[in-house]
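Undergrad:
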Amino acid sequence: MNTLAFSLLTQAVTAGSEATYWFPPQASTTAADIDWIYYFIYWISVFFTVLIIAAGLWFMIKFRSKKNAPPAAAGHNTALEVTWTVVPAILCVFIFYFGLTGYMDTHTPPADSYVVNVTGVKWAWSFTYPDGTVSDTLHVPVNRPVRLVMSSEDVIHSLFIPAFRTKQDVVPGRYTEEWFEANQVGEFDIFCTEYCGTKHSEMLSKVVVHAEGDFTKWLAQAGNIHERMSPVEAGELLVKQRGCLQCHSLDGSPATGPTWKGIWGRNEKLADGSSLTVDENYVRTSILQPQAQVVAGYGPVMPTFQGKLKDRDITAIIEYFKTLK
Ligand SMILES: [Cu+2]
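Just so we're aligned, residue 1 is where the sequence shown starts under our numbering, counting upward by one.
(1) Applying the 10 Å Cβ sphere with the 16-neighbour rule, what's the burial state of Lys-122?
(2) Which whole-angstrom value describes the C-beta separation of Leu-91 and Ile-44, a residue pair presumed to lie in contact below a C-beta threshold of 8 Å?
(3) If you measure between the beta carbons of Gly-257 and Met-302, is that distance less than 8 Å?
(4) Excluding the 5 residues preceding and the 5 following Glu-178 in the sequence, name in chain order all residues of the same chain whose CB lies nearer than 6 Å to its CB.
(5) Leaving out the 5 sequence neighbours to the left and right, which residues in its chain are closer than 7 Å to Ser-113 when beta-carbon positions are compared?
(6) State the CB to CB distance for the pair Val-142 and Val-185, rounded to an integer number of angstroms; the pair is presumed to be in contact (CB under 8 Å).
(7) Three Cβ pairs or more, each shorter than 8 Å: is that satisfied between the stretch 220-235 and the stretch 87-101?
(8) Just checking, does the stretch 307-316 make contact with the stretch 234-247 on the three C-beta pairs under 8 Å criterion?
(9) Going by DSSP, name the residue or residues bridged to Arg-147.
(10) Once the 5 residues before and after Ala-292 are set aside, which same chain residues still bring their CB inside 7 Å of it?
(11) Please report the Cβ distance between Phe-126 and Asp-136, rounded to the nearest whole angstrom; I am assuming they are in contact, meaning their Cβ atoms lie under 8 Å.
(12) Please state whether the Cβ-Cβ distance between Lys-325 and Gly-262 is less than 8 Å.
(13) Tell me whether Phe-23 is buried or exposed, calling it buried when 16 or more other Cβ atoms sit within 10 Å of its Cβ.
(14) If we ignore side chains and look at the alpha-carbon of each, how far apart do Ile-287 and Val-294 end up?
(15) Can you say whether His-76 is buried or exposed, counting buried as having 16 or more other CB atoms within 10 angstroms of its CB?
(16) Quick one: Cα of Leu-238 to Cα of Ile-317, how far?
(17) Determine the DSSP secondary structure at Gln-168, reduced to helix, strand or coil.
(18) Please tell me whether His-157 and Val-140 are closer than 8 Å, where the distance is taken between their beta carbons.
(19) Please return the same chain residues whose Cβ sits closer than 8 Å to the Cβ of Asp-279, not counting the five positions on each side in sequence.
(20) Have a look at Phe-48 and Thr-85 and give me their C-alpha separation to the nearest angstrom.
(21) Would you tell me roughly how many angstroms separate the C-alpha atoms of Lys-66 and Ser-201, rounded to the nearest one?
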């Protein structure tokens, strides 16, 4: 057997906590069980596929009809028929049992879970922690159950963390939840797995699993950006974290929204035919009531950041805009 095929086969049998050719690492407490039942079904399928095709080929040869002979009458074999009914029935009950208990485990968050709120919006994720801190990557402590309470501002998205083997739709107008307990420190991918429009495939993020103690440090750091950096730096961080750059470019290239290159003091034509100069109040209104003054040539698709960006944040963004010559 060549080495690639051999290593694929051994990986498929012995999936450990490391990533394999087929799967990302098993980085949560439920991942190993999910992979176990997956491989159980997989190997049963391989076994029966080989068995049935081999038997079919063998019967074709062995029972080939003789020239001009009448077809042989088929009889019963009770022992054989009972076997091929009872064995698959037991296997199905077994798979159902493990499927159901696994489903219950992955859908029942422990009562002491750490709660993070998740918002999906075309085309970015944002994560809000109990103290009000917001980030565009999900930060969690290791070895502690985390419950995500999720909602969407527009269409249906789905938050998928392959390394944790967890996935759940994120739906407008209601909350859905998913939970996991990461058991490995590191960075893992987050995908949107519900087709949600043009940039669906770019709706990516990461989950950063912190070692014991580091998470609290990260949270304290992330929370006080205005104390820790200048307004320009804070503004730059905010527009990255809040997903503004999904729709606004910094290099003059067109996107869903107008580019921010040279935005400050620019003369802007609005959809209602009027025009104005970009100043503090215009930026503030654009962020809090985007539909009030729509720029000519663009759709009224910007979500409001009312209640999400505080005055101090908007001031920082304005200072940052002034640097985008
Ligand atoms: Cu999406």
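Here a beta-carbon is modelled for each residue, glycine too, at the ideal position from N, C-alpha and C.
TA: So, to answer that:
(1) buried
(2) 6 Å
(3) yes
(4) Leu-148, Thr-166, Gln-168
(5) Pro-145, Val-146, Arg-147, Trp-179
(6) 5 Å
(7) no
(8) yes
(9) Val-115, Trp-179
(10) Thr-285
(11) The sequence as given places Ser at residue 126; Phe does not occur at that position. So it is a contact: roughly 6 Å between Cβ atoms.
(12) yes
(13) buried
(14) 11 Å
(15) exposed
(16) 7 Å
(17) strand
(18) no
(19) Gly-265
(20) 14 Å
(21) 59 Å
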